[in-house]
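Numbering (our numbering), first residue to last: 12 to 502. What follows is a short report on a single structure.
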Ligand code: AMP
Ligand code: ZN
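Now the structure itself:
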């Protein structure tokens, strides 16, 4: 247990706009809620970046000794286009000519499979919005009773102006209700809302709408913001420790969650609100709805014109972790190539350490101090780029020992390896590839295959050479033409 790090952890809290010492409600337990995906299309690499950041937060909190209950929901109803349009799942069901629940199933399976490939741990509870309709109806009843919600023609809306009379709508996103009123598009007469900034808690369904439930107001469906309040309060309590999601969810989604919780329970839901920054492509946010995105499958099977080669999950993940979760990160082929190089350099360094047997009586590296700096980087708001820089300090030392320019005691090899393994594989969740030299028989087979591939390339038979590479890749074997030492790696 690495619990000495517990008292030093600082987390940037979007609510206060500051890094704060993390102090959970209970000494031993942490409640972590992360908004999950709306399962109407395949997850893209931007989504993966956000879920990877929270996976590392979950892993680190557990490693330093907390018993973490990690709740991540599945949004399978109520997420409307532009907050007022068609339900995204219903629309996709129409387009794909499937039942809405077939859409939900199809993209939930994709989501789980992709996260597993990236070695992300499953949450403790993964509740769905459609599984919590009763809880959502009960919350709406409470909000109506408290006069911060009103019914109109079978739909129910949250009354932002009434709420704001004794509360602060905008506390998270630092928006001011008067500015919001001023800047929000005037009502177009189609909606039943009293004011443009009000948001739907319950929507009456059209007769042809499939996903609908009975309620005191109409046959309809819940609004998107409500599900997270219903599920977080049910599984983590009315007040819990950390609530997370991408920066794009801060407003209106999280602002609305806070308003609902404050009105129902008198709390801001969570003590720490954590937001991850966006993965961009060509300088713009990767997004499902605009189509400006790359899917994991495109990177793993050579299917994107923007990417020159197939990359392994771990090198893509390494690329993401080289930026702090609160910084914008732009994806490009060059950046991926550089990260792949870095990832393989790290893996080779670890392998050198594992195989090392030229020991000395002294160690010319302060392991204790270095270990503390690894914890310090994670304790500083989960700073993975600094952690990686620290780990490369140790890799540099390992390479020096290998070259006979530095010294390592036998006992310290075990210590060093243990700490590296902890941070690289347990905290960051990277996977260890099989490198050239790890398996003699495999090396022989690979040499034959690579020889055949080179012959094909020399004869300009690129169809065959690409085919060999793609087939290997489908089986988790990446070949690296630029690096002769690690000619292949298996994830
Ligand atoms: P969605 O399914 O669109 O609700 O997104 C699921 C999660 O991915 C949310 O936490 C979003 O904030 C996050 N997300 C969406 N796009 C990006 C992006 N380009 N970069 C990082 N996170 C994103
Ligand atoms: Zn949410």
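Each residue gets a CB set at the ideal place from its N, CA and C atoms; glycine is no exception.
- Residue 229 is positioned such that its CB atom lies closer than 7 angstroms to that of residue 165.
- DSSP, reduced to helix, strand and coil, places residue 396 within a helical segment of the structure shown.
- Set against 6 angstroms, the gap from the CB of residue 60 to the closest heavy atom of the ligand AMP is smaller.
- Assigned with DSSP and collapsed to three states, residue 305 falls in coil, not helix or strand.
- Judged by DSSP in its simplified three-state form, residue 23 adopts strand.
- Applying a distance threshold of 5 angstroms between residue Cβ atoms and the heavy atoms of the ligand ZN selects 46, 239, given in chain order.
- For residue 128, the shortest C-beta to heavy atom distance toward the ligand AMP is 6 angstroms or greater.
- Counting C-beta pairs with one atom in each stretch, the region 70-82 and the region 98-115 have fewer than three that are closer than 8 angstroms, which means they do not touch.
- Per DSSP, residue 61 is one residue of the alpha helix (DSSP H) stretching across 56-74.
- Taking residue 250 as reference, the option from 378, 22, 37, 31 with the minimal CA-CA separation is 37.
- Boundaries for residue 471: no beta strand (DSSP E) harbours it, and the DSSP string shows neither H nor E there.
- In the three-state reduction of the DSSP assignment, residue 295 falls in the strand class.
- Taking 7 angstroms as the cut-off, the beta carbon of residue 418 is found no closer than this to the beta carbon of residue 350.
- Taken from the Cβ of residue 125, every heavy atom of the ligand AMP lies 6 angstroms or farther away.
- Where residue 257 is concerned, the enclosing beta strand (DSSP E) starts and stops at 251-257.
- Annotation: the continuous alpha helix (DSSP H) that includes residue 155 extends over 144-156.
- Secondary structure note for residue 238: its alpha helix (DSSP H) is the uninterrupted segment 235-247.
- The region 133-147 makes no contact with the region 257-270: fewer than 3 CB pairs, one atom from each, lie closer than 8 angstroms.
- The DSSP-derived three-state label of residue 181 is coil.
- For residue 227, the shortest C-beta to heavy atom distance toward the ligand AMP is 6 angstroms or greater.
- At the C-beta level, residue 241 and residue 150 come within 7 angstroms of one another.
- Classified as buried, residue 211 has 16 or more neighbouring CB atoms from the shown chains inside 10 Å of its CB.
- When DSSP states are grouped into helix, strand and coil, residue 353 belongs to the helix group.
- One alpha carbon belongs to residue 468, the other to residue 303, and they sit about 33 angstroms apart.
- When the alpha-carbon of residue 367 is set against those of 353, 387, 427, 396, the nearest one is in 427.
- In this structure, residue 328 and residue 129 form a Cβ contact; the two beta carbons are roughly 6 angstroms apart against a cut-off of 8 angstroms.
- The continuous beta strand (DSSP E) containing residue 287 extends over residues 281-287.
- When only Cα atoms are considered, residue 86 and residue 352 end up about 37 angstroms apart.
- By DSSP's assignment, residue 78 forms a beta bridge with 40.
- DSSP, reduced to helix, strand and coil, places residue 488 within a strand of the structure shown.
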